[in-house]
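Numbering (the UniProt record's numbering), first residue to last: 1 to 633. Heads up, the beta-carbon is just placed ideally off N, CA and C, and yes, glycines get one too. To start, the structure itself, in structure tokens.
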Ligand SMILES: Nc1ncnc2c1ncn2[C@@H]1O[C@H](COP(=O)(O)OP(=O)(O)OP(=O)(O)O)[C@@H](O)[C@H]1O
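Structural data, given as structure tokens:
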């Protein structure tokens with residue numbers, strides 16, 4: 001039997017013993033309960049049952065202590081196990097452990113004999129005397145007292161478990177009337193050194209106040225009831241959100257991914273600029289939590305080190321996100337968090353596991369990342385600025401990585417967001433110049449800036465002009481007053497390029513005037529509009545693919561048919577066809593018969609606008625279909 005198998009056997013044996021103790025304890029609990037019930041129901045509560053209950057209580061306490069002792073032994077064994085795993089190459093059983101290890105958090109000391117502590121071992125601290133956590137000093141004790149929450153004030157909702165991690169399980173709960181998240185530690189009885197570690201973590205959390213750092217609300221430091229209370233983040237962790245299906249409203253789109261990264265950078269910048277600087281050392285999707293408004297907060301400072309001096313050593317974190325200097329157990333500084341940030345951003349955008357399972361053991365990962373410079377593969381379609389940024393974040397040399405202060409001050413992520421959402425060059429420059437850092441702006445702010453940038457005469461194109469009304473309908477959802485960057489990018493893909501302003505406005509006017517043009521409408525909308533109409537009735541709309549249009553019509557057999565129209569610099573053509581037409585209008589006129597198109601669908605906002613302009617007294621109530629762009633049926 002090799003060393004790993006032997007350790008594993010011992011861990012399993014201890015776990016079995018703990019389970020047996022738990023069963024014995026549960027039986028004792030039942031016995032105590034029935035004795036108490038009996039005492040209450042009989043006339044003489046002071047009967048000799050009291051003696052029996054006392055004995056049962058002392059046996060229970062002894063069992064609890066035995067359990068704690070066994071749990072501590074498991075911690076030590078797991079530490080040993082990880083040391084062996086880290087130093088060993090691949091073999092059958094190690095691959096399974098690697099699957100667990102790569103997603104865990106652990107801390108490794110600088111000792112030449114690598115002693116490593118696994119996250120589920122409930123501590124990040126080596127127990128050897130040279131590495132004992134110094135006791136909390138008087139000021140720290142005072143600080144902890146201020147945040148102490150009486151155990152009577154903590155109401156757990158045991159049915160609502162939010163997750164579990166290195167130290168314990170997190171539950172929903174209520175404290176002093178407020179819904180909160182409560183992290184209950186798995187192990188409740190620790191030796192002094194580990195208790196100090198816990199108190200130090202509490203102390204660190206009390207000092208961190210920023211909208212992008214998880215709000216610490218208090219802790220209970222009484223052994224048996226050890227727990228940390230934080231604000232509740234209803235959407236949970238980015239790790240779980242990365243696994244939702246792409247048709248879910250919680251799917252992490254490109255925009256969301258960049259905004260998550262932007263919030264993370266803001267939180268991290270706060271940590272790094274604290275005095276003394278705080279390193280996170282375990283930045284990964286599981287440690288980013290999301291509230292109902294998609295505000296992201298960095299959590300879990302269990303492994304944070306307050307940086308004294310210029311750099312520090314000792315491994316920490318989850319191997320997949322670790323910087324080369326940390327994998328090699330060399331000195332590291334704030335820039336190791338920037339490396340993890342790069343890997344995290346790549347994961348947010350690709351939804352894939354870093355390195356796509358290219359490594360099957362810690363030594364392989366470490367050699368690959370630290371010696372051979374292996375990094376996740378950047379997809380070709382990523383905007384150039386994003387590719388460059390990722391490469392800078394995971395530079396081999398930490399000095400060449402940007403700091404979080406550079407990232408936030410230079411608004412790099414905001415620029416990347418614009419690059420990803422707006423393909424039109426003029427449109428990108430315009431938004432970056434006027435609205436960098438904003439995802440949406442009011443129409444009254446947008447339109448004057450748009451006119452001045454693209455030499456559009458606002459006297460000609462005033463709010464009363466038909467073209468401006470069309471443009472506003474295209475850009476501003478019915479239930480809003482704002483233009484979003486995302487919608488701006490989409491509209492430019494259909495109406496761009498945005499080089500000359502007047503030319504662009506002419507294009508808006510001519511497309512919106514086409515009979516049967518509905519703008520943004522889903523195929524479900526189309527089915528509703530065409531229901532009961534004559535065959536040959538057609539609708540022209542934006543395709544779900546940016547830059548393309550769709551013609552939807554009722555065929556001779558009254559079936560709804562869709563054909564795609566592709567917009568290219570040479571003009572418009574049917575998907576798969578070869579002939580380009582200068583406008584959609586021309587394309588329709590020339591292919592009308594072939595497709596069997598007869599009458600344009602009359603309805604929709606653009607039709608209503610055009611008809612209203614021609615005849616101001618016309619009653620359009622029946623013809624007008626107001627569909628918010630963002631709210632497709
Ligand atoms: N404040 C909170 N609000 C909502 N969910 C939370 C909160 N805190 C933690 N969770 C959930 O509980 C899970 C476990 O959190 P915990 O901090 O214990 O471990 P972790 O960070 O996931 O793992 P590890 O500690 O091993 O790195 C999180 O991934 C998250 O899904």
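Proximal residues to residue i (C-beta, below 6 Å), its chain only, five neighbours per side dropped
| i | result |
| --- | --- |
| residue 440 | 482, 484 |
| residue 300 | 287 |
| residue 509 | 467 |
| residue 473 | 605 |
| residue 179 | 232 |
| residue 585 | 514 |
| residue 387 | 378 |
| residue 563 | 551 |
Contact test: residue i Cβ vs ligand 1 heavy atom, cutoff 8 Å
| i | result |
| --- | --- |
| residue 326 | no |
| residue 645 | With the chain covering 1 to 633 only, the question about residue 645 has no answer from this structure. |
| residue 234 | yes |
| residue 284 | yes |
| residue 183 | yes |
| residue 399 | no |
| residue 231 | yes |
| residue 250 | no |
| residue 84 | no |
| residue 239 | yes |
| residue 300 | yes |
| residue 170 | yes |
| residue 163 | yes |
| residue 578 | no |
| residue 318 | yes |
| residue 287 | yes |
| residue 474 | no |
| residue 213 | no |
First through last residue of the alpha helix (DSSP H) which encompasses residue i
| i | result |
| --- | --- |
| residue 13 | 3 to 41 |
| residue 338 | 335 to 350 |
| residue 432 | 425 to 435 |
| residue 586 | 584 to 595 |
| residue 405 | 404 to 409 |
| residue 612 | 604 to 614 |
Rounded Cβ spacing between residue i and residue j (contact assumed at less than 8 Å)
| i | j | result |
| --- | --- | --- |
| residue 434 | residue 455 | Contact doesn't hold; Cβ gap of about 15 Å is too wide. |
| residue 486 | residue 421 | 5 Å |
| residue 228 | residue 202 | 7 Å |
| residue 56 | residue 22 | So it is not a contact: roughly 16 Å between Cβ atoms. |
| residue 289 | residue 214 | 6 Å |
| residue 549 | residue 540 | 6 Å |
| residue 327 | residue 370 | 5 Å |
| residue 52 | residue 35 | 6 Å |
| residue 572 | residue 552 | Going by Cβ atoms, the distance from residue 572 to residue 552 rounds to 16 Å, so no, they are not a contact pair. |
| residue 80 | residue 7 | 6 Å |
| residue 321 | residue 354 | 7 Å |
Endpoints, the beta strand (DSSP E) within which residue i is located
| i | result |
| --- | --- |
| residue 441 | 440 to 442 |
| residue 540 | 538 to 542 |
| residue 579 | First-last for residue 579: undefined, no H or E at that position. |
| residue 297 | 296 to 298 |
| residue 355 | First-last for residue 355: undefined, no H or E at that position. |
| residue 520 | Neither: residue 520 is in no beta strand (DSSP E) and is coded neither H nor E. |
Buried/exposed call for residue i, threshold 16 Cβ in 10 Å
| i | result |
| --- | --- |
| residue 343 | buried |
| residue 643 | Residue numbering for the chain in the displayed model covers 1 to 633; residue 643 lies beyond these limits and cannot be assessed. |
| residue 511 | buried |
| residue 276 | exposed |
| residue 459 | exposed |
| residue 602 | exposed |
| residue 217 | buried |
| residue 182 | buried |
| residue 436 | exposed |
| residue 478 | exposed |
| residue 323 | buried |
| residue 145 | exposed |
| residue 27 | exposed |
Nonlocal neighbours in the same chain, by C-beta distance under 7 Å from residue i, ignoring five residues either side
| i | result |
| --- | --- |
| residue 492 | 422, 424, 427, 498 |
| residue 123 | Any reading at residue 123 must be qualified, since the residue scores a pLDDT of 31, below 50, and its modelled position is unreliable; the value itself is stated next. The answer, listed in chain order, is 75, 117, 194, 197. |
| residue 389 | 412, 416 |
| residue 475 | 483, 487, 488, 491 |
| residue 255 | 417, 421, 486 |
Cutoff 8 Å; reference residue i; Cβ partners in own chain excluding five residues on either side
| i | result |
| --- | --- |
| residue 151 | 220, 222, 225 |
| residue 581 | 571, 572, 573, 587, 590 |
| residue 610 | 466, 512, 513 |
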